[in-house]
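Accompanying notes for the structure given below.
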Amino acid sequence: MSTTASALSRRQIASWRNAVFVTFALNGLGMATWVSRTPAIRDHLGIGSGEVGLLLLGVSSGSIIGLLFSSHVLTWLGAKRTVLYALAMCALGLTVMGVGASVFESYVLTLFGLFLYGLGTGICDVAMNVEGAAAERASGRTLMPLFHAMWSVGTIVGAGIGSLVSLAHVPVAVHLSAVAVVLAVGAVFAIRAFLGDIVDTHDEHGEPTPKSTFRDRVSIWLEPRTLLIGAIVLGMAFTEGSANDWLALAMVDERGVSHATGAALFGVFTVAMTVARVAGVPLLDRYGRVPVLRGSAALAVIGLALVIFVEQPVVMVIGIVFWGLGAALGFPVGMSAAADDPAKAAARVSAVATVGYCAFLVGPPLIGIVGEQVGLLNALLFVLVLIVIAGVLSPAARERSKVQQPVADARR
1 MSTTASALSR RQIASWRNAV FVTFALNGLG MATWVSRTPA IRDHLGIGSG
51 EVGLLLLGVS SGSIIGLLFS SHVLTWLGAK RTVLYALAMC ALGLTVMGVG
101 ASVFESYVLT LFGLFLYGLG TGICDVAMNV EGAAAERASG RTLMPLFHAM
151 WSVGTIVGAG IGSLVSLAHV PVAVHLSAVA VVLAVGAVFA IRAFLGDIVD
201 THDEHGEPTP KSTFRDRVSI WLEPRTLLIG AIVLGMAFTE GSANDWLALA
251 MVDERGVSHA TGAALFGVFT VAMTVARVAG VPLLDRYGRV PVLRGSAALA
301 VIGLALVIFV EQPVVMVIGI VFWGLGAALG FPVGMSAAAD DPAKAAARVS
351 AVATVGYCAF LVGPPLIGIV GEQVGLLNAL LFVLVLIVIA GVLSPAARER
401 SKVQQPVADA RR
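Take the sequence shown: its position 49, counted from the start at 1, is 49 in full-length UniProt numbering, and no numbers get skipped.
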């Protein structure tokens, strides 16, 4: 059964939007859960930064496989089933990871859990962005930064819980397994309101478009604008990912803070990101994508420089706030830019998300390997270069058309 977006009621679109909100929040919760316990996992396994970096390659390799096949999985299964199966795999990965680290203290089992989690999250990341882009088009309003803000809310909750359970000395296996149950149950309820699979895709003239072929999905990778948007997202995802995976450890190892304080500082970063994503919606509507992306890049450069070069605690916290504010909008704005043409939105969002998440996942392990030699904070200098490049390329994300009027304003 299929329909057009204009045939949907306001209540249906609101339920759809809220379901996507929940999906993003669950995804963020899962990520922050294991990231916040990275110091404890490291201590259980008795490994250094270089070996942690190799562990993170388990997440990265699984995620890259998931990302590369995500558009094809979406075509075969649709977003609803794809998100369900992907979050179930994330839940399994968290459980294996926790048991492997704190029960068996097995590097190999922990690595396998991270691989499973990475595979699930790689597929889920693309699927939820494609579903979010469809909901944004159907509503006629800017929603993508808000979806990603909900991802940040999930990470705030995950980081907060991680800090509390670290203080309470809750075993890693118990913590990660409990969150795994939340992911699995939450996914079952959230996907019920997804409508992207039954809403026809229409081109710019309102004509229904045929289902994309394998060749269509591959040809997207040759489009210059799509590649430039991917480069913007790559730099900004690298900026965000480096904080997600290394901020807590860098503060513990090179600034001498406790594990709980390191997790709390990661929470400061995620709060700043959430604020920027909520505040970014009116800024985007008023000033457009290009000025907002340039301002974001400037904030990220200033913040990261303060974190790297200044040891004074208050200035360091200010730097973390600026870093979070600057890293917040690059990814969601890239997703919206990739979805400007509804006819090719799914394939382009998949391509740009794949580029961004590859940077998000491959970059941090490389920072860990370099950080083993020069220190984690010094390794972050490379991120500054990528932020500048993203700012320079920001005109590629310029709006192609105005956001359409809400399709269901007159409906109840």
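Where is the CB? At the ideal position from N, CA and C, for every residue including glycine.
Beta-carbon proximity of residue i to residue j, cut-off 7 Å
i, j, result
"Val-349", "Ala-338", "yes"
"Ala-91", "Ala-180", "yes"
"Ala-327", "Ala-263", "no"
"Val-83", "Ala-127", "yes"
"Ala-135", "Arg-17", "yes"
"Leu-183", "Leu-87", "yes"
"residue 437", "Val-301", "Residue 437 cannot be examined here, being either before or after the span of the chain that is shown, 1 to 412."
"Ile-229", "Gly-334", "yes"
"Ala-397", "Arg-286", "no"
"Gly-196", "Ala-79", "yes"
"Ala-347", "Arg-215", "no"
"Gly-324", "Met-273", "yes"
"Val-172", "Ser-258", "no"
"Ile-387", "Ala-297", "yes"
Residue i, DSSP secondary structure in three states
i, result
"Leu-116", "helix"
"Glu-372", "helix"
"Ser-258", "coil"
"Glu-51", "helix"
"Pro-171", "coil"
"Ala-328", "coil"
"Asp-253", "helix"
"Ser-106", "coil"
"Thr-213", "coil"
"Gly-356", "helix"
"Gly-78", "helix"
"Arg-17", "helix"
"Thr-270", "helix"
Expected contact under 8 Å - CB spacing of residue i and residue j to nearest Å
i, j, result
"Gly-319", "Val-310", "7 Å"
"Gly-93", "Leu-116", "3 Å"
"residue 421", "Leu-119", "Summary: the structure shown does not reach residue 421, with the chain confined to residues 1 through 412, and so no result is reported for it."
"Ser-60", "Pro-365", "6 Å"
"Leu-376", "Leu-167", "In fact, because the Cβ distance is near 23 Å, the residues do not count as touching under 8 Å."
"Leu-114", "Gly-28", "With 8 Å as the limit, Leu-114 and Gly-28 do not qualify as a contact, their Cβ atoms being about 17 Å apart."
"Leu-247", "Thr-33", "About 15 Å separates the two Cβ atoms, so there is no contact after all."
"Val-317", "Val-271", "Contact doesn't hold; Cβ gap of about 11 Å is too wide."
Beta-carbon contacts of residue i that lie in its chain and below 7 Å, excluding the five residues immediately before and after
i, result
"Ala-25", "Met-150, Trp-151, Val-153, Gly-154"
"Tyr-357", "Ser-63, Leu-67, Gly-122, Asp-125, Ala-237"
"Arg-42", "Val-52"
"Ile-369", "Gly-50, Gly-53"
"Gly-280", "Pro-145, Val-292, Ala-328, Leu-329"
"Tyr-148", "It should be pointed out that residue 148 corresponds to His in this sequence rather than to Tyr. Phe-24, Arg-277, Phe-331, Pro-332."
"Arg-294", "Gly-391, Ser-394"
"Val-355", "Gly-230, Val-233, Leu-234"
Same chain only: Cβ atoms within 6 Å of residue i, ignoring 5 sequence neighbours per side
i, result
"Ala-345", "Ala-133, Ala-339"
"Glu-204", "Note that Glu-204 scores 48 on pLDDT, short of 50, meaning its location in the model is unreliable; the coordinates nonetheless yield the value given after this. Excluding positions up to five away in sequence, the list is empty."
"residue 413", "No statement about residue 413 is possible, as the shown extent of the chain runs from 1 to 412 and does not include it."
"Val-22", "Ala-190"
"Gly-371", "Ser-49, Ala-379"
"Ser-163", "Ala-260, Ala-263, Ala-264"
Neighbourhood of residue i by C-beta distance below 8 Å, restricted to the same chain and skipping five residues each side
i, result
"Arg-192", "Ala-19"
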